[in-house]
Structures are given as structure tokens and as C-alpha cells.
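A.B. asks:
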Amino acid sequence: MFFQNLLKSGWLHALFIAVVAYPLGAITAKLVASNMDCNILVYTVIFTISSAVALLIKSGPGSLGIQTLKRPETWLYAVAQIFVLIFGILIMQYVTATEGAGLYRVTGLFVLILSMMFLAQKVNKYEVLSSLIICLGLFFILSNSNISFEFKCLLFLFVCCRALAQSSQKIITELHKTSRKSKNTKDDQRVAGFIMIVAGIFMLIVLLIVAYLKQYNDILLFKSFPHFEDFAHLNGYIMAVVMGLFIVSVSKYCEFYAGKTIGARYLTSMLSLQIIFVYFIENILSYFNIMNKTDFAFNDYIGIGLILLGNIIIAFAGFIKDLSFIKKGEKQDTLANLDENFIDEEDDFEVVKLNVFNLLSLYNNDSKKLSEDIGVNRVLLDNIANYDFGEFKLQNKIAYKINSFASKNVRQKPIIGII
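Okay, so the sequence shown: first residue is 1 according to our numbering, each after it adds one.
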């Protein structure tokens, strides 16, 4: 039972991405880049579109598809993906691949900040401590990079911009309206499939436009972008299709499921674990001379270690917080604190308050018994009775539960007036 609850919670989905999907994707991309004549961005487009096709075939026809295409979050996700690629390329012009791997994990800090600012999610002391540790790791990598101060400032700007773009994507996995509406695996797969097909086609269009511009302009920013002839090189297409169909598709399904269950900040922090498993797989493959092992300098260990530690603490704090819900087979509503989830009209609040008074009268002021029967916390019932509108925030779902219970019970024994 606990394992089933854990599976529904989304934590195992996030763990799968961190331990299996992302490491395999990173290793495969490295093999393709070093051993095959295939542009890595073309490879990315192919596996993105392939993953969308796999998800849509698996889910079959059904609801939420057209709704997903109409949602602005779907298109924002695709736009953010382009900026993640652009700023990722800019970052790698100033640092080593190892340093870049650490700087990419700063996204966890930005998701934490955005969740606090825009999703009204509370931050505990462990997450504050983790944020400071991540900042320390970022400072350590920047201060020890062999570039001038001006370039360090520019690098910091690129890191922040990439983290902001990727954070937006993770927040979208938590907020996406149609994703939160889906109630079964097929719908989850269909929503993820439509989002990825938009992202893949949008990315393909951008790459084709850049390829056209590269024919007439020599722009440093576009150096890593493909030429038209790169789209004709088939070496790596098969690998990209296989990765898209069997790994990336599952990864994206898991990403959107985990995003709406455990939340973007814990999902992102969990994904930072991929560094460990990528390094582990690289060591195994290098032993068999399949690929070269990444060499870590002492400063890399410290900087990346601090960033990784901060993310792990955030993820662990979130899991501990979720544990009580997992044991009961419940899910936390990560968006429960948004203003749209609370009553915003005084008349509506007064109706709930009247119903609470009538129910208390019906129960002879036994708020404990009423709390047990209605399934609402006793303290919450007392707060509704004692506070006025504007002094106390009441969730719509709690108001609905109280009003529904009152409509079924108070009618049977009418109560006149308010006690």
C-alpha cells in the first residue's frame, strides 16, 4: 500500500528522471556529439518530436488535446526551451563542461524563489539554508573560473537568464491548466505529447531560420547552431528516434506528472541528482574505452558539490513534508495558497459563516463532533465563526464542503437565526 501511495505521489517519477532518463540522455548526447557527424541541436529536435509522437500514439484519441494547444502555457514552454538552449550555449563559451554542469543546476534556486513569489508557497528554514549553499557554490565556480571580471559578470547574467527560462518551464509543469485537469495516465500522456510536439516544431522552425541566417551572416552566437546540410546527416537520427520513443517520452510524462504532484521546486531539486549518475555511468563506460571520463578539478568538486548539496536538502525537506500525506494516500495541493483558491466576496464568506453557526447550533456547540462529521479541522471551524471577512482566508473547497454539509443537514432540522 505504501509503495502504491509513493508511486502516486510523484516522487518516484522524479527519481526515475534523475537516475535513469536524464543520465541516459546526457551520455547518449555526448556519444553522438563525439562519435557521430550529427549536430547536437538537430539531435535534440529529433528526439523531442519523436517523444511527442510516442506519447500521442500511446495515449490515443481523447480529451484535453485541443485544450492543451490553446493554452498559453504550452507555447510559453516552447519559447522557454529556445532560451534555455541559447543561454546554455553562451554559458559553455566561458566555462568547461564540468563547470557548466554545475551552473545548470542553479535552476533549483530560481524555482524556489519563483514558487515563493508567484505560487505563494512557504519556504522553511532548511530551504533557506539550501539557497545559501547553492549561492555559495555558484560564487565558488564563478570566482575560480579563468576569465576576467567583466566576463564573469556576463557569465553570471547568462546563468541567471538560463535558470530563469528553465525555471519557467518547471513552473509550467506545475501550473498547466489541462495537465492539472487530467485524471488518468492516458490524459497525462496526451497533454505532455501535445506540449512536446509544439516545443519540437517551434524549435525546428527556429533552427531552420538560424540556418538560413548563417548562410549570409557569421554571428558568434549561432556558431553551435546547425547549417542546412546538418539536417541531411542521418548519422544519429536513429539514436535520436530511439531515445525519443523510449526514454524522453517517458521522461516528459514523468516530468509533467511530478510537476503537478510534488511541485516544481522539489522536482527540479531532485533532477540535480543526475550529475552523480552521469559521472557514475561515464566511469563505467570509460573503463571499457567507450568514452572518455570527465575529469574533475578540486575546485569543481567543491563548487558542484555545494550546489548539489543545496538541491538535495531542498528535495529531502520536501519528501519529509510529503511523507505524512503519502502514508495516508493523499496528495498535497501545491497551489493551495494561490488567491484564486480563496473566497474573495464578503457575501460568500457570510454564507459560510451562517452555515457554521447553524451547524454548531444543530450539534449543541460540539465543534469537535461537527469537525469529525464534516471532515474540516476544528480550529478552522472556530476561525470561521470568530473572524470576519478580510481577517481570515477561507479556501473555496472548504467553503464548498461546509455549505454542502449544511444543505443536507440543516434542512432536516431548521435553525432560525444565528446563535
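Where is the CB? At the ideal position from N, CA and C, for every residue including glycine.
Using three-state DSSP, classify Q395 as helix, strand or coil.
C.D. replies: Here residue 395 corresponds to residue number 395 of the sequence shown, with the count starting at 1. Correct three-state label for Q395: strand.
A.B. asks: Round the Cβ separation of L142 and E73 to the nearest angstrom and send it over; I've been treating them as touching at under 8 Å.
C.D. replies: Residue 142 sits at position 142 when you count from the first residue of the sequence shown. Residue 73 sits at position 73 when you count from the first residue of the sequence shown. 32 Å between Cβ atoms; not a contact.
A.B. asks: Whose C-alpha, out of Y104, V79, W75, is nearest the C-alpha of I89?
C.D. replies: Here the question's residue 89 lines up with position 89 in the sequence shown. Of the candidates Y104, V79, W75, the one whose C-alpha sits nearest the C-alpha of I89 is Y104.
A.B. asks: At the level of alpha carbons, what is the spacing between T107 and R162?
C.D. replies: Within the sequence shown, numbered from 1, the residue matching residue 107 stands at position 107. Within the sequence shown, numbered from 1, the residue matching residue 162 stands at position 162. Taking the straight line from one Cα to the other gives about 8 Å.
A.B. asks: Provide the residue span of the alpha helix (DSSP H) that contains E150, from first to last.
C.D. replies: Within the sequence shown, numbered from 1, the residue matching residue 150 stands at position 150. First-last of the alpha helix (DSSP H) with E150: 149–175.
A.B. asks: Please classify Q4 as buried or exposed, where buried requires at least 16 neighbouring CB atoms within 10 angstroms.
C.D. replies: Taking the sequence shown and counting its residues from 1, the one referred to as residue 4 is at position 4. Result: exposed.
A.B. asks: So which of E372, F405, I195 has the shortest CA-CA distance to A52?
C.D. replies: Counting from 1 along the sequence shown, the entry for residue 52 is found at position 52. Ranking E372, F405, I195 by Cα distance to A52 puts I195 first.
A.B. asks: Compare the C-alpha of T48 against each of E372, E391, V250, K125 and name the closest.
C.D. replies: By 1-based counting over the sequence shown, the position of residue 48 is 48. Here the closest residue by C-alpha is V250.
A.B. asks: Checking 8 Å against the spacing of the C-beta atoms, do I384 and F405 come in under that value?
C.D. replies: To locate residue 384, count along the sequence shown from 1; it is residue 384. To locate residue 405, count along the sequence shown from 1; it is residue 405. No. Outside cutoff.
A.B. asks: Does the beta-carbon of K260 have 16 or more other beta-carbons within 10 angstroms, so that it is buried, or is it exposed?
C.D. replies: Stepping through the sequence shown from its first residue, residue 260 is reached at position 260. It is buried - the Cβ of K260 has at least 16 other Cβ atoms within 10 Å.
A.B. asks: For the putative contact between N337 and S269, defined by C-beta atoms under 8 Å, what is the C-beta separation to the nearest angstrom?
C.D. replies: For the purposes of this step, residue 337 is taken as the residue at position 337 of the sequence shown. For the purposes of this step, residue 269 is taken as the residue at position 269 of the sequence shown. In fact, because the Cβ distance is near 19 Å, the residues do not count as touching under 8 Å.
A.B. asks: From which residue to which residue does the alpha helix (DSSP H) around Y301 run?
C.D. replies: Here residue 301 is taken as the residue at index 301 of the sequence shown, counted from 1. Start and end: 298–327.
A.B. asks: Look at the alpha carbon of L6 and the alpha carbon of S182, and state the distance between them as a whole number of angstroms.
C.D. replies: As a working note, residue 6 is residue 6 in the sequence shown. As a working note, residue 182 is residue 182 in the sequence shown. Whole-angstrom Cα-Cα distance: 19 Å.
A.B. asks: To the nearest angstrom, how far is it from the Cα of Y363 to the Cα of Y387?
C.D. replies: Position 363 of the sequence shown, counting from 1, holds the residue named residue 363. Position 387 of the sequence shown, counting from 1, holds the residue named residue 387. So the two alpha carbons sit approximately 20 Å from each other.
A.B. asks: Answer with buried or exposed for Q215, where buried requires no fewer than 16 other C-beta atoms within 10 angstroms of its C-beta.
C.D. replies: Position 215 of the sequence shown holds residue 215. The residue is exposed, with fewer than 16 neighbouring Cβ atoms inside 10 Å.
A.B. asks: Tell me whether T185 is buried or exposed, calling it buried when 16 or more other Cβ atoms sit within 10 Å of its Cβ.
C.D. replies: Numbered from its first residue, the sequence shown carries residue 185 at position 185. Exposed.
A.B. asks: Put K293 into one of helix, strand or coil per three-state DSSP.
C.D. replies: Taking the sequence shown and counting its residues from 1, the one referred to as residue 293 is at position 293. Note: K293 maps to coil in three-state DSSP.
A.B. asks: Which class does F225 belong to by DSSP, given the choice of helix, strand or coil?
C.D. replies: Start at 1 with the first residue of the sequence shown, and residue 225 comes out as number 225. Assignment of F225 by DSSP, reduced to helix, strand and coil, places it in the coil class.
A.B. asks: Under a three-way DSSP split, which group does F389 fall into?
C.D. replies: As a working note, residue 389 is residue 389 in the sequence shown. F389 falls in the strand class under three-state DSSP.
A.B. asks: Could you check the C-alpha separation between F357 and I17 for me, to the nearest Å?
C.D. replies: The residue given as residue 357 occupies position 357 in the sequence shown. The residue given as residue 17 occupies position 17 in the sequence shown. For F357 and I17, the distance between alpha carbons rounds to 50 Å.
A.B. asks: When the Cα of I307 is compared with those of G10, K30, S131, which residue comes out closest?
C.D. replies: One-based indexing of the sequence shown puts residue 307 at position 307. Of G10, K30, S131, the residue nearest in Cα terms is S131.
A.B. asks: What is the DSSP secondary structure of F288, counted as helix, strand or coil?
C.D. replies: Taking the sequence shown and counting its residues from 1, one reaches residue 288 at position 288. Looking at F288 - three-state DSSP - the assignment turns out to be coil, as it is neither helix nor strand.
A.B. asks: Could you give the uninterrupted runs of the alpha helix (DSSP H) lying entirely in the segment 211–257, keeping only those of 4 residues or more?
C.D. replies: Secondary structure remark: continuous alpha helix (DSSP H) runs of at least 4 residues inside the segment 211–257, in chain order: 237–243.
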